[in-house]
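Chains as they are written, first to last, in the numbering used here: chain A, 265 to 652; chain B, 17 to 356.
1. How many Å lie between residue 361(B) and residue 125(B) at the Cα?
2. Any contact of the stretch 314-334 of chain B with the stretch 408-415 of chain A, i.e. 3+ C-beta pairs under 8 angstroms?
3. Let's see if you can read the secondary structure: which residues bound the alpha helix (DSSP H) around residue 551(A)?
4. What does residue 392(A) pair with, by DSSP beta-bridge criteria?
5. Compare the C-beta of residue 414(A) against all C-beta atoms of chain B and say whether one is closer than 8 angstroms.
6. Indicate whether at least one CB of chain B lies closer than 8 angstroms to the CB of residue 594(A).
7. Look at residue 221(B) and residue 327(B) and say whether their C-beta atoms are less than 8 angstroms apart.
8. For residue 187(B) and residue 90(B), what's the separation of their Cα atoms in angstroms?
9. Is residue 573(A) close to chain B? Criterion is C-beta to C-beta, closer than 8 angstroms.
10. Per the DSSP calculation, residue 532(A) is bridged to which residue(s)?
11. By a C-beta neighbour count over all protein chains shown, 10 Å radius and 16 as the cutoff for buried, is residue 442(A) buried or exposed?
12. Between residue 551(A) and residue 501(A), is the Cβ-Cβ spacing less than 8 angstroms?
13. Do you know offhand how far residue 171(B)'s Cα is from residue 488(A)'s?
14. Where does residue 490(A) land, buried or exposed, given buried means 16+ other C-beta within 10 angstroms?
15. Please identify the residue among 58(B), 78(B), 74(B) whose C-alpha is closest to the C-alpha of residue 148(B).
16. When you compare each of 365(A), 323(A), 303(A), 566(A) to residue 439(A) by their alpha carbons, which one comes out closest?
17. Can at least three beta-carbon pairs, one atom from the stretch 535-551 of chain A and one from the stretch 330-350 of chain A, be found at a separation below 8 angstroms?
18. What runs of the alpha helix (DSSP H), each 4 residues or longer, lie entirely inside the stretch 306-355 of chain A?
19. Run down chain A in chain order and give the residues with a C-beta less than 7 angstroms from the C-beta of residue 70(B).
20. In this structure, how does DSSP classify residue 466(A) when only helix, strand and coil are distinguished?
21. By the DSSP assignment, the alpha helix (DSSP H) with residue 131(B) in it spans what residues?
22. Note down the Cα distance separating residue 122(B) from residue 292(A), rounded to an integer number of angstroms.
23. In the DSSP output, what is residue 456(A) paired with across the bridge?
24. Counting contacts by CB-CB distance shorter than 8 angstroms, is residue 195(B) in contact with chain A?
25. Determine the direct distance from the alpha carbon of residue 151(B) to that of residue 355(A), and round the result to whole angstroms.
26. Name the one or two DSSP bridge partners that residue 173(B) has.
27. Looking at the structure shown, is residue 621(A) part of a helix, part of a strand, or coil, going by DSSP?
28. Going along chain B in order, which residues have a C-beta closer than 9 angstroms to the C-beta of residue 404(A)?
29. Can you name the residues of chain A whose CB is closer than 8 angstroms to the CB of residue 334(B)?
30. How far does the alpha helix (DSSP H) with residue 301(B) in it extend, from its first residue to its last?
31. Kindly give me the distance between the Cβ atoms of residue 80(B) and residue 129(B), rounded to whole angstroms, as I take these residues to be in contact under 8 angstroms.
32. What residue range is occupied by the uninterrupted alpha helix (DSSP H) comprising residue 317(B)?
33. Determine the burial state of residue 391(A): buried for a count of at least 16 other Cβ atoms within 10 Å of its Cβ, exposed for fewer.
34. Closer than 7 angstroms, Cβ to Cβ, to anything on chain A: give me those residues from the stretch 51-78 of chain B, in chain order.
35. Step through the CB atoms of chain B and report whether any lies within less than 8 angstroms of the CB of residue 622(A).
36. What residues of chain A sit near residue 136(B), judged by a beta carbon separation below 7 angstroms?
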């Protein structure tokens with residue numbers, strides 16, 4: 265019989281001092297942290313090389329890239345939650361972001377409250393909107409495949425966008441926030457309290473809260489289970505209806521926050537969310553559908569690549585290179601190209617799980633086929649054996 | 017999409033024949049634009065109604081066809097430079113070929129683009145195809161807006177030559193010519209589609225839509241069939257683009273926003289997916305709604321003028337939701353083919 269005291273570490277053998285509780289520093293966690301540090305080191309080297317080629321202004325674009333990434337990450341987490349649990353791409357997501365920005369604008373300008381109150385109100389209002397959408401529309405489309413909810417979500421998007429157009433006109437608005445200048449760090453690079461620090465801080469805190477939710481709460485575990493396999497989750501006794509409502513609440517709440525952040529770094533206009541919709545879709549697919557961590561990585565990749573390609577495009581736009589007019593406007597094509605590349609090579613994304621019937625990309629599939637054909641020469645059975 | 021209905025040129029003075037002609041021109045315009053929507057819907061019907069491929073980038077293929085036809089048929093239009101600054105960017109042109117060339121080139125370019133988009137995405141899920149095609153149409157529109165020297169940028173392409181130029185200019189005759197050309201083309205498209213859809217090729221498409229794995233098990237290369245269907249659908253959308261240049265002799269990128277794609281979805285869903293007659297009927301119905309809303313604008317107080325435009329789009333949104341939940345088979349459902 266095993267004595268309990270032999271299997272449990274006694275008080276004397278526990279490490280003293282500050283413990284990273286509840287994260288135990290196992291070998292696996294140490295490996296992950298090491299990998300993360302290596303990636304950060306590679307990134308810094310990459311930026312340094314670019315700075316050598318294009319000048320110190322690359323840091324400005326890197327900062328812009330992180331700004332866009334923060335917004336895209338928050339939005340992508342919301343989108344991927346519904347994509348994983350309800351199984352469809354929510355084409356109304358851009359319009360939900362816009363709605364969030366406008367609700368905050370209403371509170372900010374009409375009720376003359378700080379934008380923070382606007383953001384909180386907007387979060388709550390959008391949670392309501394999400395639940396209403398689920399009850400009225402999307403619960404009736406369960407089991408109809410991926411296309412029917414897409415069509416319905418497009419309808420929802422049209423209603424939201426044109427409702428905003430009708431009520432608030434197509435003008436551009438600005439939030440009433442204190443005017444703050446950039447704090448110069450390095451010549452050519454300035455950090456803005458509102459546009460940069462707030463965006464990063466909100467992005468980080470949302471990422472951290474999602475991580476805590478998914479990993480350490482029962483609701484989070486139930487959400488992961490439902491996203492994995494709806495029928496099995498139901499069979500295990502998980503209340504998938506409650507999980508779905510929670511997912512819609514979080515999804516739309518995150519949409520509202522990313523909309524408010526978007527309004528903070530730019531203007532509030534009816535088209536603001538739709539311009540980001542494809543970026544967010546790209547982030548979700550690159551990261552792997554249904555995975556919040558994939559959404560974070562995908563958002564980072566997509567946002568950084570879109571902004572950091574601008575110096576290259578400007579160089580291409582110079583008359584002695586190609587002379588492309590409005591070259592910097594093509595930066596939006598970069599996430600699209602990354603999306604196509606992911607679809608060609610690894611459709612399940614960075615963090616996506618390969619299903620049993622592997623949806624191989626076209627290129628990897630063709631390569632695999634060619635390699636397999638090389639290895640097994642075709643001939644009548646028995647002919648390649650000695651003796652005949 | 018901006019309201020397309022033109023003000024009918026009614027002559028002042030009350031000559032009844034002139035007023036009638038004005039109304040006729042307006043109605044002919046309505047019919048011509050409905051025909052454009054109908055050809056788009058026929059193309060989408062082939063892709064989705066028959067083969068089950070959900071294309072969210074219809075506007076992009078439409079744009080490619082329209083701009084190709086415009087570039088092929090317009091005379092030279094160099095940029096207007098004043099004091100070293102480009103005031104109006106010109107566009108690529110100067111070929112001045114007849115409309116038939118324009119239409120054929122439009123179909124080729126759009127069809128080719130459809131095939132290229134299809135290759136990486138058709139093997140994957142329906143929603144990946146939707147996202148990729150939506151991304152494609154938006155990127156194409158951005159490129160068109162930015163590639164000033166080729167496409168005329170936000171100014172677009174103007175002075176597209178008419179099919180037959182009347183001297184002195186006769187709007188009624190112009191409208192009739194456009195309507196006649198459109199009607200002929202849509203009839204031809206409808207007949208060709210009906211023929212190939214009842215053929216063995218069309219049967220395989222329907223089999224792919226119902227159960228792709230079973231079709232593969234029967235030895236059909238389903239990917240090839242899907243690419244062919246998607247390509248032909250894209251070519252039809254290019255043809256619609258060429259028709260667009262006939263009907264409205266100027267192009268600009270804002271005509272090709274995603275709202276156009278969503279209108280085509282409504283048309284095909286209303287008319288019944290897989291039903292070509294329904295697609296044409298749906299086009300006349302849905303564009304009729306837009307045309308009526310523009311006429312209504314005149315009778316409504318100024319404050320509400322723009323609201324009519326937004327309300328129409330909201331109605332389309334509601335239609336999409338209600339139809340897809342309660343009557344996805346549409347008004348005229350596909351006839352069920354049963355072996356007797």
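Ideal Cβ positions, reconstructed from N, Cα and C, are used throughout, including at glycine.
On the basis of the data shown:
1. Since the first residue of chain B shown is 17 and the last is 356, residue 361(B) is not available in this structure.
2. no
3. Locating residue 551(A) in the first chain gives position 287, where the first residue counts as 1. 536-551 is the span of the alpha helix (DSSP H), which, as asked, contains residue 551(A).
4. If you number the first chain from 1, residue 392(A) lands on position 128. Note: residue 392(A) sits in no beta bridge, so no partner.
5. Locating residue 414(A) in the first chain gives position 150, where the first residue counts as 1. For residue 414(A), the answer is yes, since a Cβ of chain B falls inside 8 angstroms of its Cβ.
6. Here residue 594(A) refers to the residue found at position 330 of the first chain. Yes, because at least one Cβ of chain B sits closer than 8 angstroms to the Cβ of residue 594(A).
7. The residue you call residue 221(B) lines up with position 205 of the second chain. The residue you call residue 327(B) lines up with position 311 of the second chain. Contact: no.
8. By 1-based counting over the second chain, the position of residue 187(B) is 171. By 1-based counting over the second chain, the position of residue 90(B) is 74. So the alpha carbons of these two residues sit roughly 20 angstroms apart.
9. Here residue 573(A) refers to the residue found at position 309 when the first chain is read from its first residue. No, no contact with chain B.
10. Reading the first chain from its first residue, position 268 is the one you call residue 532(A). Its beta-bridge partners are 437(A).
11. To locate residue 442(A), count along the first chain from 1; it is residue 178. By the 10 Å Cβ count, residue 442(A) comes out exposed.
12. As a first step, residue 551(A) is located in the first chain; it is residue number 287 there, counting from the start. As a first step, residue 501(A) is located in the first chain; it is residue number 237 there, counting from the start. Going by C-beta atoms, residue 551(A) is not nearer than 8 angstroms to residue 501(A).
13. The count along the second chain starts at 1 and reaches residue 171(B) at position 155. The count along the first chain starts at 1 and reaches residue 488(A) at position 224. If you take the alpha carbons of residue 171(B) and residue 488(A), they lie about 50 angstroms apart.
14. Position 226 of the first chain, counted from the start, is the residue given in the question as residue 490(A). So residue 490(A) ends up on the buried side.
15. Locating residue 148(B) in the second chain gives position 132, where the first residue counts as 1. Taking only the C-alpha atoms, the option nearest residue 148(B) is 74(B).
16. To locate residue 439(A), count along the first chain from 1; it is residue 175. The residue with the shortest Cα to Cα distance from residue 439(A) is 365(A).
17. yes
18. 322-349
19. Within the second chain, the letter at position 54 stands for residue 70(B). The answer, in chain order, is 411.
20. Residue mapping note: residue 466(A) aligns to position 202 of the first chain, counting from 1. Helix at residue 466(A).
21. Position 115 of the second chain, counted from the start, is the residue given in the question as residue 131(B). Note, residue 131(B): alpha helix (DSSP H), 115-137.
22. Stepping through the second chain from its first residue, residue 122(B) is reached at position 106. Stepping through the first chain from its first residue, residue 292(A) is reached at position 28. Looking at the two C-alpha atoms, the distance is approximately 57 angstroms.
23. Here the question's residue 456(A) lines up with position 192 in the first chain. Paired residue(s): 446(A).
24. Position 179 of the second chain holds residue 195(B). Judged by the 8 angstroms Cβ criterion, residue 195(B) is not in contact with chain A.
25. Your numbering for residue 355(A) matches position 91 in the first chain. Your numbering for residue 151(B) matches position 135 in the second chain. Each residue's alpha carbon lies about 12 angstroms from the other.
26. Walking along the second chain from the start, residue 173(B) turns up at place 157. DSSP, once it has assigned bridges, lists 267(B) as partnering residue 173(B).
27. Locating residue 621(A) in the first chain gives position 357, where the first residue counts as 1. With a pLDDT of 45 at residue 621(A), under the threshold of 50, the predicted position of this residue should be treated as unreliable, and no value is reported.
28. In the first chain, the residue the question calls residue 404(A) occupies position 140. Chain B residues near residue 404(A): 341, 342.
29. For the purposes of this step, residue 334(B) is identified with residue 318 of the second chain, where counting begins at 1. Those within 8 angstroms of residue 334(B) in chain A are 419, 423.
30. Within the second chain, the letter at position 285 stands for residue 301(B). 292-313 is the span of the alpha helix (DSSP H), which, as asked, contains residue 301(B).
31. Reading the second chain from its first residue, position 64 is the one you call residue 80(B). Reading the second chain from its first residue, position 113 is the one you call residue 129(B). Confirmed, Cβ separation roughly 6 angstroms.
32. Translated into positions along the second chain, residue 317(B) becomes position 301. No alpha helix (DSSP H) holds residue 317(B); DSSP gives it neither H nor E.
33. As a first step, residue 391(A) must be located in the first chain, where it is residue number 127. Classification of residue 391(A): buried, given that the 10 Å Cβ count is 16 or more.
34. 70
35. On the first chain, residue 622(A) is found 358 positions in, with the first residue counted as 1. Note on residue 622(A): pLDDT 47, under 50, position unreliable in the model; the coordinate value appears next. Judged by the 8 angstroms Cβ criterion, residue 622(A) is not in contact with chain B.
36. Residue mapping note: residue 136(B) aligns to position 120 of the second chain, counting from 1. In chain order: 604, 607, 608, 626.
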